[in-house]
Amino acid sequence: MAKPWLAAPCLVAHGIAPDDLGQLAAGLNAEQFDPAVRWIAQVLEHRSVMHEAMRGSIRISEIVKAMKAYSYMDQGPQQEIDIHDGIEDTLTVMAHELKPGVAIIRDYDRSLSRLQVYGSELNQVWTRIVENAIEAMNGRGDLTIRTRHNADCATVEITDTGPGIPQEALSHLFEPFFTSKPVSQAQGRGLGLGLHIAYRIVVNRHGGTIQASSRPAETTNRVRLPLGCKGTGVA
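Residue numbers (UniProt numbering): 1 to 235.
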């Protein structure tokens, strides 16, 4: 067969071994064998392309659904939500930023009550925190998301395994324009507004609290929302 290496990757990828080709050769003459192998390789390649296209279309559909849920389109300004749905929608929308080296660890308390909140704004909180965590880990580490029912509040903890934040910086973390990143950082980041916006949404809009704790190789952002909270409408 001329240039057999061209067909080999496709055949191997689909589990066709040399013994399988030997059985095929036994039933064909030399003139029939080459075109038969090329035809098999082409069929398998087309199937692979179609499979990837279908996977891609399913993925696009998932992202569109998540985007709609993330922004709470077609709903009022406040919604009664399961907080886990918002977190999962946020992770789906941010999937392109979650590098292969970042592992998502979920530790959810499914007994949490539904909350009456500004859903799309709360999703911005998860987005800002997760963005910072991803940047801190530089493409490799564990991102752990925990939810807990604590007395009269719902608690969400997002922990990364980045290098940690200096203790002297923690008290300024939610102040506007405070950042340890260069102002020129790409995509408009590095201006020090992300966590300040998250603070305003949690504290001013929902009457909750947001705090950060850190040590080497571990930083946790902890958001607490009153279980009976109703958004104040004040930013």
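Every residue gets a Cβ at the ideal spot worked out from N, C-alpha and C, and that includes glycine.
These numbers come from a predicted model, not from an experiment.
Asked                                                                                                                                    : Found
Starting from Asn204, follow its DSSP beta bridges and name the residues at the other end.                                               : Asn204 pairs with nothing; no bridge assigned.
What are the boundary residues of the beta strand (DSSP E) that His96 is part of?                                                        : Neither: His96 is in no beta strand (DSSP E) and is coded neither H nor E.
Using the Cβ count rule (16 or more neighbours within 10 Å means buried), how would you classify Arg200?                                 : buried
Thinking just about the alpha-carbon of each residue, which of Thr209, Cys153, Thr159 and Thr219 is nearest to the one in Leu115?        : Cys153
Taking C-alpha atoms, which residue in Gly139, Phe177 and Ser214 lies nearest to Gln167?                                                 : Ser214
Taking the alpha carbon of Gly207 as the reference point, which residue from Thr219, Arg224 and Pro216 has its own alpha carbon closest? : Arg224
Which value, in whole angstroms, describes the spacing of the CA atoms of Ala169 and Val130?                                             : 19 Å
DSSP on Ser171, reduced to helix/strand/coil?                                                                                            : coil
From the DSSP secondary-structure annotation, give me the bridge partner or partners of His149.                                          : Ala154
For Arg224, does the three-state DSSP call read helix, strand or coil?                                                                   : strand
Does the distance from the CB of Ile165 to the CB of Trp126 come in under 9 Å?                                                           : no
Which residues bound the alpha helix (DSSP H) around Thr127?                                                                             : Gly119 to Met137
Here's the rule: buried if 16 or more other CB atoms are within 10 angstroms of the residue's CB, otherwise exposed. What is Gly119?     : buried
Please classify Asp142: does DSSP put it in a helix, a strand, or coil?                                                                  : strand
Pro226 to Gly101, Cα distance in whole Å?                                                                                                : 35 Å
Going by DSSP, which residues form a beta bridge with Gln116?                                                                            : Glu80
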